[in-house]
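Engineer:
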Ligand SMILES: Cc1cc2nc3c(=O)[nH]c(=O)nc-3n(C[C@H](O)[C@H](O)[C@H](O)COP(=O)(O)OP(=O)(O)OC[C@H]3O[C@@H](n4cnc5c(N)ncnc54)[C@H](O)[C@@H]3O)c2cc1C
């Protein structure tokens, strides 16, 4: 058994990360107290927390740990959602929304603490996370975020235009929202580290074993794969934006309540020391307020890891290289020549209101989706809450705002059209300036 059977994206993370653990496939009849489907951050964190509580748990993963969004993302550790702020979350979910806000507020620190506790080497840097604003009018967003998050005890600050310029090494932005608990990691290294930690505590992980379906049989959950099946008292479905990737009939309601939108990531050549010291000198993670998001962070080799979006025909990677080169040179003229050593992509699960969806799927069965590109940090404590849910902790103590799945009507058609939203965002961004 080895990891070479799985096709990894041509990502910086796949190139830079030592291989994950050797894992078996699911073959024949197996049993566990809790079955988790999907070995991304959510599934791995759920399993880790269950093992910490002494619960028998087995993960069934279609490919390998970190193969989905968890191993492909930008690695920004961000303790907020993309758009909804605490008041929006609490207006929607009441008391449980407040508990969710508390979990989100602490999520970046939780991630770094878990990595420390299990000695996971994932190039982690708790250098803070900044959301600079790209137009004078957008400073209102930063002010609102600072006000609301301060009310809930988050260590956040409003940056003036000068402070944003000093922090980012560019005067392209007009101030910003700053949270010092954020930062960045090598996400694939974190996923593989979590997998090792969970295995070390006695969890089982079956790899290269796509779950085809699950059902209730004799009071238990039974998950079927091509070569075997596993039964258990409880079930956590942690397949997120990749829910429809391997089996359309696994969780169709969850698969069709988010739009899986392709997000492109790219890593430059390592920057020279002199240049690096002038571009985001404090090594913070940065995602701004553009609809067509500008984002960047350093990896451990001083590559800028950034990305973008592109639609239409032609070689998308080459078109993106040209577009993002122009952007980087505009933001930081001192960067000089730019080349990209890695370009890859992954699916971000978008919901219409940018809120995540967390569900009860039946007796002792739970699932979630809708990361909206902001759940590297969130998935770690979320796994802890899902572990509590399967252990029978009362709902009034959980930070899980449950809703019923609401599939998007005409999902297939809208999925084809969704990339066109980029044109709307570009127009809006241009108009604001
Ligand atoms: C390109 C990109 C950039 C992003 N950047 C950031 C960022 O910088 N900061 C941030 O906070 N968030 C970011 N995100 C979002 C973040 O990556 C996700 O929120 C997070 O990784 C979700 O983890 P997960 O475990 O829930 O899902 P995933 O990591 O997607 O895990 C789902 C797993 O389920 C498995 N699976 C699917 N179907 C089956 C099946 N039938 N049987 C068994 N297993 C199955 C998949 O193989 C996969 O391993 C980004 C996402 C993408 C795609």
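Residue numbers (this note's numbering): -14 to 418.
Backbone N, C-alpha and C define an ideal beta-carbon position, used for all residues, glycine too.
(1) What does the Cβ neighbour count give for residue -5, buried or exposed, with the cut at 16 atoms within 10 Å?
(2) Between residue 240 and the rest of its own chain, which residues show a CB-CB distance below 6 angstroms, the 5 nearest in sequence each way excluded?
(3) Comparing alpha-carbon positions, which option in 52, 16, 2 and 32 lies nearest residue -10?
(4) Who are the Cβ neighbours of residue 94 in its own chain at under 7 angstroms, not counting the five residues just before and after it?
(5) I think residue 137 touches residue 71, with their Cβ atoms under 8 angstroms apart; what is that distance to the nearest whole Å?
(6) Just tell me which of 215, 309, 1 and 253 has its CA closest to the CA of residue 201.
(7) Compute the distance between the beta-carbons of residue 251 and residue 305, then report whether it is under 8 angstroms.
(8) Whole angstroms is fine: what's the gap from residue 392's alpha carbon to residue 243's?
(9) CB of residue 248 to nearest heavy atom of ligand 1: below 7 angstroms?
(10) Does ligand 1 have a heavy atom nearer than 7 angstroms to the CB of residue 235?
(11) Count the other C-beta atoms from every protein chain shown that fall within 10 angstroms of the C-beta of residue 191, then say buried if there are 16 or more, exposed otherwise.
(12) Please indicate yes or no: does the CB of residue 64 lie closer than 7 angstroms to some heavy atom of ligand 1?
(13) From the DSSP output, in three-state form, read off residue 231 for me.
(14) Would you kindly report the start and end of the unbroken alpha helix (DSSP H) that includes residue 327?
(15) Please go through the same chain and pick out, in chain order, the residues whose beta-carbon is closer than 8 angstroms to the beta-carbon of residue 408, but skip the five residues on each side of it.
(16) If you measure from the CB of residue 232, is any heavy atom of ligand 1 nearer than 7 angstroms?
(17) So residue 161 is in the beta strand (DSSP E); what residue range does that whole segment cover?
(18) Kindly indicate which residue of 20, 196, 248 and 217 has the alpha-carbon position closest to the one of residue 203.
(19) Just to confirm the assignment, what range does the alpha helix (DSSP H) spanning residue 178 have?
(20) Can you check whether the CB of residue 8 is closer than 8 angstroms to the CB of residue 368?
(21) Determine whether the beta carbon atoms of residue 221 and residue 352 lie at a separation below 8 angstroms.
(22) Within 7 angstroms: the Cβ of residue 225 and any heavy atom of ligand 1?
(23) Indicate the three-state DSSP secondary structure (helix, strand or coil) for residue -1 in the structure shown.
(24) Which same chain residues end up closer than 6 angstroms to residue 396 when comparing Cβ atoms and leaving out the 5 residues on each side of it in sequence?
(25) Could you have a look at residue 31 and say whether DSSP puts it in helix, strand or coil?
(26) With a 10 Å radius around its C-beta and 16 neighbouring C-beta atoms as the bar for buried, classify residue 398 as buried or exposed.
(27) Identify every residue that forms a DSSP beta bridge with residue 26.
(28) Among 42, 35, 0 and 29, whose alpha-carbon lies nearest the alpha-carbon of residue 16?
(29) Have a look at residue 107 and residue 173 and give me their C-alpha separation to the nearest angstrom.
(30) Grab the span of the alpha helix (DSSP H) containing residue 373 for me, first residue to last.
(31) Nearer than 7 angstroms: is that true of the beta carbon of residue 22 relative to any heavy atom of ligand 2?
(32) Going by beta carbon distance, what residues of the same chain come within less than 6 angstroms of residue 188, once the five residues before and after it are set aside?
(33) By how many angstroms is the C-alpha of residue 387 removed from the C-alpha of residue 378?
(34) Is it buried or exposed for residue -2, if we count other Cβ within 10 angstroms and need 16 for buried?
(35) Apart from the five residues on each side of it in sequence, which residues of its chain come closer than 7 angstroms, Cβ to Cβ, to residue 323?
(36) Does the beta carbon of residue 53 fall short of 7 angstroms from some heavy atom of ligand 1?
Structural biologist: Looking at the coordinates:
(1) Under the 10 Å beta carbon count, residue -5 is surrounded by fewer than 16 other beta carbons and is classified as exposed.
(2) For residue 240, where only same-chain residues beyond five positions count, the Cβ hits under 6 angstroms are 228 and 229.
(3) For the residues 52, 16, 2 and 32, the minimum Cα distance to residue -10 belongs to 52.
(4) Answer for residue 94: 166, listed in chain order.
(5) About 5 angstroms; that satisfies the 8 angstroms criterion.
(6) Nearest C-alpha to residue 201: 215.
(7) Their beta carbons are under 8 angstroms apart, which means residue 251 touches residue 305 by this criterion.
(8) Counting only the Cα atoms, residue 243 lies some 8 angstroms from residue 392.
(9) Yes; taking the cut-off as 7 angstroms, the Cβ of residue 248 has a heavy atom of ligand 1 nearer than that.
(10) Yes; taking the cut-off as 7 angstroms, the Cβ of residue 235 has a heavy atom of ligand 1 nearer than that.
(11) Here residue 191 is buried, its C-beta having at least 16 other C-beta atoms within 10 Å.
(12) Not a single heavy atom of ligand 1 lies less than 7 angstroms from the C-beta of residue 64.
(13) Coil.
(14) For residue 327, no alpha helix (DSSP H) run applies; the uninterrupted beta strand (DSSP E) run containing it begins and ends at 325 to 335, by DSSP.
(15) Taking C-beta separations shorter than 8 angstroms and ignoring five residues to either side along the sequence, the partners of residue 408 in its chain run 296, following chain order.
(16) Yes.
(17) 161 to 164 is the span of the beta strand (DSSP E), which, as asked, contains residue 161.
(18) Nearest of 20, 196, 248 and 217 to residue 203, Cα basis: 217.
(19) That run of the alpha helix (DSSP H) goes 172 to 185.
(20) No. Outside cutoff.
(21) Yes, Cβ-Cβ distance for residue 221 and residue 352 is below 8 angstroms.
(22) Answer for residue 225: yes, Cβ within range of ligand 1.
(23) Secondary structure of residue -1 (DSSP, three-state): helix.
(24) Around residue 396: 241.
(25) Secondary structure of residue 31 (DSSP, three-state): helix.
(26) Exposure of residue 398 is indicated by the presence of fewer than 16 other C-beta atoms within 10 angstroms of its C-beta.
(27) In the DSSP output, where bridge partners are listed per residue, residue 26 has none listed.
(28) When only C-alpha atoms are compared, the closest one is 42.
(29) C-alpha separation (whole angstroms): 8 angstroms.
(30) Its alpha helix (DSSP H) spans residues 361 to 375.
(31) By its list of ligands, the structure shown excludes ligand 2, since it contains just ligand 1.
(32) Within the same chain, and ignoring the five residues on either side of residue 188 in sequence, the residues whose Cβ sits closer than 6 angstroms to its Cβ are 32, 36 and 42.
(33) The alpha-carbon atoms of residue 378 and residue 387 are separated by roughly 14 angstroms.
(34) Answer is buried; the Cβ neighbour count reaches 16.
(35) Closer than 7 angstroms at Cβ, skipping near neighbours: 253, 310, 313 and 314.
(36) A heavy atom of ligand 1 is found nearer than 7 angstroms to the CB of residue 53.
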